[in-house]
Amino acid sequence: MAPTDIATFATSQLSLLDVEHGAEIEETAILTSTHAPTVLQRAGLALLNLHIANQRTGFAGKTQLELALDPAITSGDLPEHGLRPGDLCAVAEQPKGSEKKRDREVIEAKKVTGVVQRVRREDISVALDKEDAEIPSGGKLWLVKLANETTHKRLTQTMNRLQKLTPSSTSPLTQVLFNQATPTPISPSDLSAPIKYTNDSLNPSQQAAIQHALASREISLIHGPPGTGKTHTLIELILQLISRGSRILVCGPSNISVDNIVERLAPHKVPMVRLGHPARLLPGVLEHSLDVLSQSSDAAGIVRDIRGEMDKKQASVRKTKNGRERKAIWTEMKELRKEFRQRENRVVAELLKGSKVVLATLHGSGGNLIKDEEFDVVIIDEASQALEAQCWIPVMGVKGVQKLVLAGDHLQLPPTIKSSNMKSGAGAAVEQGLVKNMEGLKVDGKKSEDDVKLETTMFDRLLKLYGDGIKRMLTTQYRMHEDINAFPSEALYNNELVSADAVKSRLLTDLPYEVEETDDTSVPLVYYDTQGGDFPEQIEDDEGGAKGKSALLADSKINENEAALVRLHVSKLVAAGVREEDIAVITPYNGQLGVVRDQMKEKHPGVELGSVDGFQGREKEAVVVSLVRSNPEREVGFLAEKRRLNVAMTRPRRHLCVVGDSETVSRGSKFLKNWMAFLEEKADLRYPDLGELQSGN
0 MAPTDIATFA
10 TSQLSLLDVE
20 HGAEIEETAI
30 LTSTHAPTVL
40 QRAGLALLNL
50 HIANQRTGFA
60 GKTQLELALD
70 PAITSGDLPE
80 HGLRPGDLCA
90 VAEQPKGSEK
100 KRDREVIEAK
110 KVTGVVQRVR
120 REDISVALDK
130 EDAEIPSGGK
140 LWLVKLANET
150 THKRLTQTMN
160 RLQKLTPSST
170 SPLTQVLFNQ
180 ATPTPISPSD
190 LSAPIKYTND
200 SLNPSQQAAI
210 QHALASREIS
220 LIHGPPGTGK
230 THTLIELILQ
240 LISRGSRILV
250 CGPSNISVDN
260 IVERLAPHKV
270 PMVRLGHPAR
280 LLPGVLEHSL
290 DVLSQSSDAA
300 GIVRDIRGEM
310 DKKQASVRKT
320 KNGRERKAIW
330 TEMKELRKEF
340 RQRENRVVAE
350 LLKGSKVVLA
360 TLHGSGGNLI
370 KDEEFDVVII
380 DEASQALEAQ
390 CWIPVMGVKG
400 VQKLVLAGDH
410 LQLPPTIKSS
420 NMKSGAGAAV
430 EQGLVKNMEG
440 LKVDGKKSED
450 DVKLETTMFD
460 RLLKLYGDGI
470 KRMLTTQYRM
480 HEDINAFPSE
490 ALYNNELVSA
500 DAVKSRLLTD
510 LPYEVEETDD
520 TSVPLVYYDT
530 QGGDFPEQIE
540 DDEGGAKGKS
550 ALLADSKINE
560 NEAALVRLHV
570 SKLVAAGVRE
580 EDIAVITPYN
590 GQLGVVRDQM
600 KEKHPGVELG
610 SVDGFQGREK
620 EAVVVSLVRS
630 NPEREVGFLA
640 EKRRLNVAMT
650 RPRRHLCVVG
660 DSETVSRGSK
670 FLKNWMAFLE
680 EKADLRYPDL
690 GELQSGN
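Numbering-wise (numbering that gives the first Met the number 0), the sequence shown opens with residue 0 and increments by one.
Have a look at this one:
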């Protein structure tokens, strides 16, 4: 395969990123200006009826708001939502659904923006962007997810730097990543050299992956299918690299992916720093976060004093109504922040200098904190869920990187793309009029290659470029019963994925608490085939019904009868003794998620509900999957994406229940046809009776 021209590649990426960003901005603008707040909340894009439960000065002097449900209006935990740590958001006075466009524009102008810092059941924390932001007061507040300008800016800056690289400034690693040089051959002796493993429970495929990553000079891919212990493998790799004198930058596309490694690495007492704000308040994460370390180190005392004084000023601003007094306090705050940043920067520099491992999100790795730091190795976890441009941020953003290790599973879902590439290569953006005449992106007057698209990750591209020689696959999975594992192993992993002895035959009846042996708890696979037309899909409208086609939820299909069947199966599992917190219900459609939630929230509040996409990386003892699609045209929509179905069918440990219409689903693709045939042969096959179901409700 011919070498890739770096400038052409970067130009293509810039074009695609602009299309994607345009789609995000357009979507946000349309949603917030034309839909009622309640509709946005149901779509997972907003939280309503909030108040400021607490306000304090956070890391870098940023004002941090803790938002919870306003007790004067409602109580309890926050409803289900799609806001995650790192998301850009706006806090504003909540508009009424009946307010005119002009009134909403006035409210919009008064909003303050920030980044979601922490998400808990009872509240959500937001770090505001501007130090002197005028925080909304008075009525009830709402929180709205926004398109992330900062993220886009960092991605484009990275691609611009890549675009301007000269041959003399291109590192050996970058040359290999673009096939301008071949990876250094690995000798058999390097792959068989004895290693003293810290974790003596690693299986042969995990050891082989570590050995390959250590022996590789430039690149190594670790392919980790569901449940194969990819994080355990990465922890051992990090420890082995440290023992060889390497300094490592570990990244992931999300806070959760990074925090998971911090938690597992913490017991090994490695000198490390977690950049950014941890997504969860777990001690293992907080102890190593820059936020806590900057407050608890020997040099942090003077920083702590200024932080306390700033908190007092923050409180006094909220109490005073006098404009002159408020202005005077803001002036004092400005000077305090300046001194605060200077002292904090010195503390941070000392902490980073003493760290062997620095961990950050991919975007966080491009900040000023580590731009002058040197690292030998960059490890990117969940690389198959990251845009290629994201993966270049740590490679281009720090000094001295010689080796890149990518870990992930390219057979699960790729990163979410708003402007999904269709035939034209610009997808939804073309339909929305964001980009004109995108019949193949043009770079320097030439049509770009078909595979130049955002969905193509660096993991995908390198695997296509160099083949399996740069990859090692983990082949023993520790999650699923062997019957649940059988189809994905055969259909996607060349029958190489095998169940560990400890999990291959365990059922719900083997849980460490008493579960009655029933027709449901004694089998690993159940399939309710709803063929026949009694379980038809519908399209959700803006009011939550099943009428017309909604502008917001145009692709959000629902199936109310299927949701009732899901509830019935969950009820039988709970009645047999399975704890609600050990059960999850997942579905590819957000509309169906809302229907299931409405039917189950009172009877089974402890059961976790989620979308298939949102459940990637998660697992439960029992998982019920609602496929939704059932129509005379036999259309399956994005069920045809086998990577999405791979995620759905590999979430459970002991019990998988699938609910769907085989007549519709089997027509979607060869993969779906084979899956339906497998379920009909291997699962406990059931044909539900709608009359009995309705009488049972």
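Backbone N, C-alpha and C fix where the C-beta goes; we use that ideal spot for every residue, glycine too.
Taken atom to atom, the span from the alpha-carbon of Pro270 to that of Leu524 is near 45 Å. At a Cβ-Cβ threshold of 7 Å, Val623 and Val594 do not count as neighbours. Residue state for Glu691 is assigned as helix, using DSSP reduced to three classes.
If you ignore the 5 residues before and after Ile379, its C-beta comes within less than 6 Å of the C-beta of Cys250, Cys390, Leu405, all in its own chain and listed in chain order. For Ile328, the enclosing alpha helix (DSSP H) starts and ends at 322-352. In this structure, DSSP gives Gly396 a helical state, which the three-state scheme calls helix. DSSP, reduced to helix, strand and coil, places Asp612 within a helical segment of the structure shown. Beta-bridge annotation (DSSP): Leu66 is paired with Ile51, Ile123. Residues Ser219, Arg471 of the same chain have their beta carbon placed closer than 6 Å to that of His211, with the five preceding and five following residues left out of the count. Annotation: His568 is outside any beta strand (DSSP E); the continuous alpha helix (DSSP H) that includes it extends over 559-574. Counting every other CB atom within 10 Å of its CB across the protein chains shown gives Ser188 a total below 16, marking it as exposed. When the beta-carbon positions are compared, Gly396 and Ser364 come within less than 7 Å of each other.
Sequence-distant partners of Glu561 (beyond 5 residues in either direction) whose C-beta falls short of 7 Å from its own C-beta, in its chain, are Thr529, Phe534, Ser625, Val627, Val658.
Three or more pairs of CB atoms, one per stretch, sit closer than 8 Å, so the region 213-230 contacts the region 184-204. With contacts defined by Cβ atoms closer than 7 Å, Leu47 and Gln40 form a contacting pair. Gln12 and Leu154 have their C-alpha atoms some 9 Å from each other.
Annotation for Arg596: the continuous alpha helix (DSSP H) segment containing it runs 589-599. Rounded to the nearest whole angstrom, the CA to CA distance from Ser498 to Ser504 is 9 Å. Between His480 and Leu66, the alpha-carbon positions lie close to 41 Å from each other. Assignment of beta-bridge partners to Trp141 by DSSP yields Ala91. Per DSSP, Glu620 is one residue of the beta strand (DSSP E) stretching across 619-625. DSSP places Ala406 inside the beta strand (DSSP E), whose first and last residues are 402-407. Across the structure, Leu361 and Arg652 are spaced so that their CA atoms are roughly 30 Å apart. Residue state for Leu274 is assigned as coil, using DSSP reduced to three classes.
Between His654 and Ala621, the C-beta gap is smaller than 7 Å, which places the two residues in contact. Shown here, Lys152 sits in a helix according to DSSP, grouped into three states. Around the C-beta of Asp519, 16 or more other C-beta atoms lie within 10 Å, and the residue is accordingly described as buried. The C-alpha of Lys556 is placed about 6 Å away from the C-alpha of Tyr588. Secondary structure of Met675 (DSSP, three-state): helix.
Apart from the 5 residues on each side of it in sequence, Pro487 sits with its Cβ closer than 8 Å to the Cβ of Pro224, Pro225, Leu496, Asn645, Met648, Thr649 in its chain, given in chain order.
Secondary structure note for Lys470: it is in no alpha helix (DSSP H), and the uninterrupted beta strand (DSSP E) holding it is 470-472. Excluding residues up to 5 positions away in sequence, Asp581, Ile582, Ala583, Glu607, Arg650, Pro651, Arg652 lie with their Cβ nearer than 8 Å to the Cβ of Lys619 in the same chain. The Cβ neighbour count for Gln384, taken over all protein chains shown within 10 Å, is at least 16; the residue is labelled buried. Excluding its 5 nearest sequence neighbours in each direction, Ser661 has C-beta neighbours in its own chain below 6 Å: Asp528, Gln530, Met675, listed in chain order. Val400 and Glu349 have their C-alpha atoms some 21 Å from each other. One thing to note: Leu462 has its Cβ no nearer than 7 Å to the Cβ of Gln615.
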